[in-house]
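Peer 1: Protein chains in written order, with the working numbering: chain E, 12 to 438; chain C, 186 to 816.
1) Does any residue of chain C have a CB that is nearer than 8 angstroms to the CB of residue 225 of chain E?
2) Between which two residues does the beta strand (DSSP E) containing residue 206 of chain E stretch?
3) Could you pull out every residue in the same chain whose Cβ sits closer than 6 angstroms to the Cβ of residue 69 of chain E, ignoring the five residues on either side in sequence?
4) What are the residues in the segment 789-810 of chain C lying within 9 angstroms of chain E by C-beta distance?
5) Distance, Cα to Cα, residue 8 of chain E vs residue 269 of chain E?
6) Looking only at C-alpha atoms, which of C/641, C/756, C/485 sits nearest to residue 592 of chain C?
7) Distance cutoff 8 angstroms, beta carbons only. Does residue 146 of chain E sit that close to anything in chain C?
8) Using a beta-carbon distance below 8 angstroms, is residue 217 of chain C in contact with chain E?
9) So for residue 266 of chain E, helix, strand or coil by DSSP?
10) Verify the CB distance criterion: does residue 129 of chain E have a CB-CB separation below 8 angstroms to chain C?
11) Can residue 229 of chain C and residue 435 of chain C be called in contact, C-beta distance under 8 angstroms?
12) Does any residue of chain E bring its CB to less than 8 angstroms from the CB of residue 342 of chain C?
13) Strictly by DSSP, which residues pair up with residue 364 of chain E?
14) Indicate whether the contact test is met: 3 or more Cβ pairs, each with one atom in the segment 397-410 of chain E and one in the segment 371-388 of chain E, closer than 8 angstroms.
15) How should residue 232 of chain E be labelled, buried or exposed, when 16 other C-beta atoms within 10 angstroms of its C-beta is the threshold for buried?
16) Cutting at 8 angstroms between CB atoms, please list the residues of its own chain near residue 298 of chain E, excluding the five before and the five after it.
17) Could you work out which residue in E/291, E/420, E/258, E/30 is closest to residue 311 of chain E when comparing CA atoms only?
18) In terms of residue numbering, what span does the alpha helix (DSSP H) encompassing residue 653 of chain C cover?
19) Who are residue 188 of chain E's beta bridge partners in DSSP?
20) Under the three-state reduction of DSSP, which class applies to residue 209 of chain E: helix, strand or coil?
21) Any chance the segment 742-761 of chain C sits against the segment 613-631 of chain C, with 3 or more Cβ pairs inside 8 angstroms?
22) Can you tell which of C/609, C/280, C/653 has its C-alpha closest to the C-alpha of residue 247 of chain C?
23) Should residue 316 of chain C be labelled buried (16 or more other beta-carbon atoms within 10 Å of its own) or exposed?
24) Alpha carbon to alpha carbon, how far is residue 717 of chain C from residue 511 of chain C?
25) Measure from the alpha carbon of residue 156 of chain E to the alpha carbon of each residue in C/699, C/381, C/799, then state which is nearest.
26) What residues of chain E sit near residue 607 of chain C, judged by a beta carbon separation below 7 angstroms?
27) With a 10 Å radius around its C-beta and 16 neighbouring C-beta atoms as the bar for buried, classify residue 710 of chain C as buried or exposed.
28) Residue 164 of chain E lies in the beta strand (DSSP E); which residues open and close that run?
29) Count the other C-beta atoms from every protein chain shown that fall within 10 angstroms of the C-beta of residue 46 of chain E, then say buried if there are 16 or more, exposed otherwise.
30) Do residue 705 of chain C and residue 551 of chain C have their C-beta atoms closer together than 8 angstroms?
31) So residue 732 of chain C is in the beta strand (DSSP E); what residue range does that whole segment cover?
32) Measuring CB to CB, does residue 82 of chain E end up less than 8 angstroms from residue 804 of chain C?
33) Mapping the DSSP letters down to three states, classify residue 636 of chain C as helix, strand or coil.
34) Which ranges would you report for the alpha helix (DSSP H) in the segment 430-456 of chain C if only whole runs of at least 4 residues count?
35) Which residue from E/351, E/361, E/363 puts its Cα closest to that of residue 381 of chain E?
36) Using a Cβ cut-off of 8 angstroms (strictly closer), state whether residue 138 of chain E contacts chain C.
Printed below as a string of structure tokens:
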């Protein structure tokens, strides 16, 4: 009896701890469900739109993980990576490159540019340790000025460009660059596009097989195996056997290659943490002074973290733009940092801890709310604009709450002991 | 004070350059009044008159040749392209021949011509003066009507969630636009004067016809307008007159040295400006180290940039009094907002980017005043008092929050400010304001922009305002700003003020001295919030529009940049930093808009400049804050 009580107690306290840890996520989940109900839109519609949003946004959200682990907070300067990608895309359009060639060329240009920018960002953030979040935000704004200078007054004037990207009589690069004609629109997404159901069964089968192999090789515990296999089977059966669920996902197709890239990035994030470099990231993230004492070059490690993040964000932006089909030259990068940062925090990440799962869950919830907020705003308040404002508020609000909670905890921990407490302890 | 050899050489070279430029410029100015120059100018004028008349003949002949060519082509069954090519060719040949024949200088020194032009100028003077007066009046009404149109367009703009409201730069640039004189109607008096010119003009035309025998009497009326505009008369300055003649090709008259001499005479003013610039450079190089020490690198750079813009403004002939008026106006407009940063920094919460919570309080109280159709001083004071009343509790709560977050106040306050602004984006849609002036005609919610013209727009600006040498001084606005500064200064001398600054400078020391640091931080935050509320009211009345929705989002950044440019750091600031910083920052922006517009007639550059300066200075301050000691 007593044993059962202890178990029950520990279970209850585990739930309580979990809720306390992921309060933002749960509140968001409740809010999203509420909004889905009030939006009054068919679920299949929401689902297919959500899949589209996931395919184009998830990559960038995953790019935020490494700097968080390296203790640099949310790297809002990923906007600069997005800018590098836009330079690449603009040049690809300018050179009339088509389809995947164009995308690969853009990605190729992004790599050195974003790496260079990442190096500069990292070096600057090293001069403002402890203020990286705000520093990277303002750095993003600053870079936006430089970007406008480049695109308005240098491209097309000092560096000649063709009239595919400029407008005669106007200054600089055109406001909107259309990629529908050039074949870059959905070039990546449409490589292999299969129905969601097929994709789900395939992925479930793969996961089950991989999990069993890993279990046989003794790389995985029975608990992990049962969770993975159980959830794969559960979701597959859910779709297969329950007609209403099948109805929701039936019409949605999945850009396989895009999600494959996302999966590769997830694996990359896991594997890099097992390398020496990943160990350094973790060590620096936990304590700079300890890391320094154990012979790690703290500044260099932090610069590398930011460089990787910036390059990944650039590639993520390419995925984003090819999915949209038009490049809003002066606006496409502005919200990248805000939305990605809010998404990962919604998933339950904090300023010093983040995982792939948190990024994926966060992206899913955040964009679910995005998809339905306008319609929900219309139903609840009779004005779609309110839904629009609400989602911007949610983005900022989530970040503010996460920052407050983090600083609150940190403040409690860092509070120096008062003289009386020290006395009490020594006694 | 030790100077390196490099400094000595550079500054001496620059000083020599400045002195020689100054000498050249003085020589140029002196020559302007000289008889020799006067004679040259008369020759230039005669040439310009002749050239205008002969230009008409040349054009006529060219046209004739083209018509002939077309007829010839048609007669010989040329294709369309061939005809146009042939026309171009024949036209060019005819033009060259006519220019050879008529663009000559032999009739230039005829006494009759000089006398005729002179007498025309005399009778023109009255006309020109009156015309200039009437045109100025017309331009003023035109600009006003344009401003009203712009305001209406702005108010009608639809709400966009991501729209940052109307760009203020865009609105300010409106006033610099070229005036469209197509609607100008001369008064009766002016028309009468114009008629009285006819005899003098006819005499001149006849003299011209003597020199140019091919000048037909039929073109007399046609040429009247261009010829009168060359002679003009009135009180135009040397440079204006010179440019007028030169545009007719009269500067082609000079050969060899005379060209250099006349160019120097014409450019004397600009050379003087360059001399001043060289002198400033010399002084900067010479006193580089003490300057850098006392101003700090960024302020030194910004000050030099400001001076550079002044030089460019002078070179581009930008209207100096108008510019100074703008700088004064903008300083007062943003000053109080920048002042809101001061107590935040002093009490140790670093840059209070969350001052937008105070701004929202100010906006709400102004909206209440507008809702009740209040006007004038009553509305202004009601808004200010209401804003303060609202801001105090908000500031207290906000200060309490910040006390829990020591070390990362700036990060948190930025996002708290952002979320507060976006929360109020929703609130503006839902708050129960009923006045049709405030709400959208269709649908619900408050408008994005509110014209303050019929409530208390510019009430401070116009209070005791006056013009000195063309500079419009917004006395009330500046007085109010300085009054706020004085109050803050007095507070910083008072006992709680000293305690607050001590708490911000070194909280351990202050705690040891018995100061309640947390309480002081709350006081600082509250004062900052209150000043922000007052600041946005002052800003709105001065700007003439109140911006809701995303309008206030970037205000914290503008204020932070201003105080940092003034020389503050994230942990130390004085009242003087606010005044100097606002003046420099707004000066650079105001000048930058005008110079950028004059230099490359494209908008947008000034906005880019604002983004770079504003965020650059904040980044610099962050790198200086020595991040390692915090967080």
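Heads up, the beta-carbon is just placed ideally off N, CA and C, and yes, glycines get one too.
Peer 2: Taking the coordinates as given:
1) By this cut-off, residue 225 of chain E is not an interface position.
2) 204-206
3) 273, 374
4) 789, 790, 792, 793, 794, 795, 796, 797, 798, 799, 800, 801, 803, 804, 807, 808, 809, 810
5) Residue numbering for chain E in the displayed model covers 12 to 438; residue 8 of chain E lies beyond these limits and cannot be assessed.
6) Cα-wise, what sits closest to residue 592 of chain C is C/756.
7) yes
8) Cβ-Cβ to chain E under 8 angstroms: no for residue 217 of chain C.
9) strand
10) no
11) yes
12) Note on residue 342 of chain C: pLDDT 44, under 50, position unreliable in the model; the coordinate value appears next. By the rule that beta-carbons nearer than 8 angstroms mark a contact, residue 342 of chain C does not touch chain E.
13) E/361
14) Taking a cut-off of 8 angstroms for Cβ pairs, the segment 397-410 of chain E and the segment 371-388 of chain E touch, as three or more such pairs fall below it.
15) exposed
16) none
17) E/291
18) Per DSSP, residue 653 of chain C belongs to no alpha helix (DSSP H); it is in the beta strand (DSSP E), 651-653.
19) In the DSSP secondary-structure assignment, residue 188 of chain E is bridged to E/338.
20) Note: residue 209 of chain E maps to helix in three-state DSSP.
21) no
22) C/280
23) By the neighbour-count criterion, in which a residue is buried when 16 or more other Cβ atoms sit within 10 angstroms of its Cβ, residue 316 of chain C is buried.
24) Residue 511 of chain C has its alpha-carbon roughly 22 angstroms from the corresponding atom of residue 717 of chain C.
25) C/799
26) Here the neighbours are 400, 403, 404, 407.
27) buried
28) Element bounds for residue 164 of chain E: n/a, residue is neither H nor E.
29) buried
30) no
31) 730-732
32) Remark: C-beta atoms of residue 82 of chain E and residue 804 of chain C do not approach each other more closely than 8 angstroms.
33) strand
34) Runs of the alpha helix (DSSP H) inside the segment 430-456 of chain C: 442-451.
35) Here the closest residue by C-alpha is E/351.
36) yes
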